[in-house]
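If you want the working numbering, it's the position in the sequence shown, counting the first as 1, plus 9.
C-beta atoms are modelled at their ideal positions from N, C-alpha and C, and glycine is treated no differently.
None of the values given here were measured: they were computed from a predicted structure.
As structure tokens, the structure follows; a few thoughts come after it.
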Amino acid sequence: MPLMSDATMLRLEPLRAWRFVAGKVSALGAVTSPPYDVLEPALVRRLTDSDLHNMVRLILPRDPALGSRRYDEPARRLSGWQHDGIVVRDQRPALYVYEQRLGDAMLCGLVGSLGLDPDRRVVLPHEDVMPHWVDDRLELMEATDADLEPILLAYAGGGAASDAVDAARAGEPWLVADTENGAHHRIWRIDDPFVLERITAELGRHEALIADGHHRYAAYLERLRRQPDRPGVGVGLAMLVDQDRHPLTLDPIHRVVPGLSLAVVRERTPAGWEVLQGRVDGVPDRIALTDGTEWVTLRTTAHRPEPTVSLLHDELLPAWDIDTDELSFHHVLADAVALAGPTQAAVELSAPRMDQVLRSAAQGVVLPQKATSFGPKPRVGLLFRTLD
10 MPLMSDATML RLEPLRAWRF VAGKVSALGA VTSPPYDVLE PALVRRLTDS DLHNMVRLIL
70 PRDPALGSRR YDEPARRLSG WQHDGIVVRD QRPALYVYEQ RLGDAMLCGL VGSLGLDPDR
130 RVVLPHEDVM PHWVDDRLEL MEATDADLEP ILLAYAGGGA ASDAVDAARA GEPWLVADTE
190 NGAHHRIWRI DDPFVLERIT AELGRHEALI ADGHHRYAAY LERLRRQPDR PGVGVGLAML
250 VDQDRHPLTL DPIHRVVPGL SLAVVRERTP AGWEVLQGRV DGVPDRIALT DGTEWVTLRT
310 TAHRPEPTVS LLHDELLPAW DIDTDELSFH HVLADAVALA GPTQAAVELS APRMDQVLRS
370 AAQGVVLPQK ATSFGPKPRV GLLFRTLD
């Protein structure tokens, strides 16, 4: 049965996932990709060259000059892969246990079809979105008729659901892949009706925080709003992680601010902040900025409950007369610093604390766009869903 869009319980339903066929590609890992919003140009080039079927050829439509027609290329490409048996669909619905290991870091949880929650009762976003990226993901979804990238959600105290995840991992995996970053990926299927029923009952007692994929989730909701009667639009591809059993990491996303000089920072930083010379470590609630040659560090003069990213967007950027539409966002600090110049500052942020994120989400308060980077993130291309 399809999920209701106005679900009052957290629901993750089985699906018949699509996957690549090992014998039709160079390697299962070689056709996968990180999510679209963490792809730097150099990595895109390497992934594109790694295999003709790498997922970047679907999730990053090229040639923006084509406008909306640029989404026709990934749609044709996906259709061709399906026709030629490059990707195949699982014969029976299942929930999929996905494990990713990279060094000491591990991502582990359930992949399935998430029941959408427009009223924010059980699926809780925590950061704002940029409309153009929502439109971009929606156009790709509509062109391909597919959810190619799972969003990532976290909840706490999974009980029977997490027990089922760990029990599945004791058996032989259904799919194994190694990726160019050194990560090892394994997937198992859960299709036993009794186990699925227990998972459903357990998840129904929880709510979940959107950890990664706010733009894709917003696109899911917009697709539902536009086509409420269409089968399959009441759900979206998602991965659900028990934060107690298999905790995610929480990292910052740094900024580059065109039009901002360190002179402006020194002269126009508002009261309640102290401007320190240099990149000062060990300071709570710090924000550091550089023009590529020198650094300054800002700290609040009183304890503030808000994450520093909120203080940056709510207080500092307006005081500096900065248009937030011009910002660029970088997961790696070195990438931001490389772009810094006399009138273009790179901003180093600290990660919000988990309690700050959870408190904001529970109160219905969204943090600024690109406020957090939860990880590890699920690899794109190991599993995806179509709406047919």
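As computed with DSSP, His255 is found in no beta bridge at all. With a 10 Å radius around the Cβ and a threshold of 16 neighbouring Cβ atoms, Ala114 comes out exposed. Distance from Tyr45 to Ala152 at the Cβ level is roughly 14 Å; contact not present, criterion being Cβ atoms closer than 8 Å. Listed in chain order, the alpha helix (DSSP H) runs fully inside the region 341-392 are 342-347 and 363-371, counting runs of at least 4 residues. In this structure, the straight-line span from the alpha carbon of Ser171 to that of Leu249 is close to 10 Å. Arg98 counts as exposed, since fewer than 16 other C-beta atoms from the protein chains shown sit within 10 angstroms of its C-beta.
Pro387 is not a Cβ neighbour of Tyr105, given a cutoff of 8 Å. In the structure shown, the three-state DSSP call for Val250 is strand. In the displayed model, His135 falls within coil according to three-state DSSP, outside both helix and strand. Pairing Glu49 with Pro202, the inter-Cα distance amounts to about 42 Å. Between Gln378 and Met139 the beta-carbon gap is near 5 Å, inside 8 Å, which marks them as a contact. For Val318, the enclosing alpha helix (DSSP H) covers residues Thr317 to Leu320. Residue burial is scored here from C-beta neighbours: Gln372 has fewer than 16 other C-beta atoms within 10 angstroms and is therefore classed as exposed.
DSSP lists Leu24 as the bridge partner or partners of Ala103. Secondary structure note for Thr17: it is in no beta strand (DSSP E), with a DSSP letter that is neither H nor E. Between the alpha carbons of Ala177 and Arg214 lies a distance of about 22 Å.
When secondary structure is reduced to three states using DSSP, Val242 falls in the coil class, being assigned neither helix nor strand.
Here Ser35 is exposed: its Cβ has fewer than 16 other Cβ atoms, across all protein chains shown, within 10 Å. Setting aside the 5 residues that flank it on each side, Asp300 is surrounded in the same chain by Ser270, Leu271, Ala349, Gly350, Pro351 and Ala354, each with a C-beta closer than 7 Å to its C-beta; the list follows chain order. The region 81-95 and the region 61-69 touch, with no fewer than 3 CB-CB distances between them shorter than 8 Å. Annotation note: the region 155-179 contains the following uninterrupted alpha helix (DSSP H) runs of length 4 or greater, listed N- to C-terminal: 169-177.
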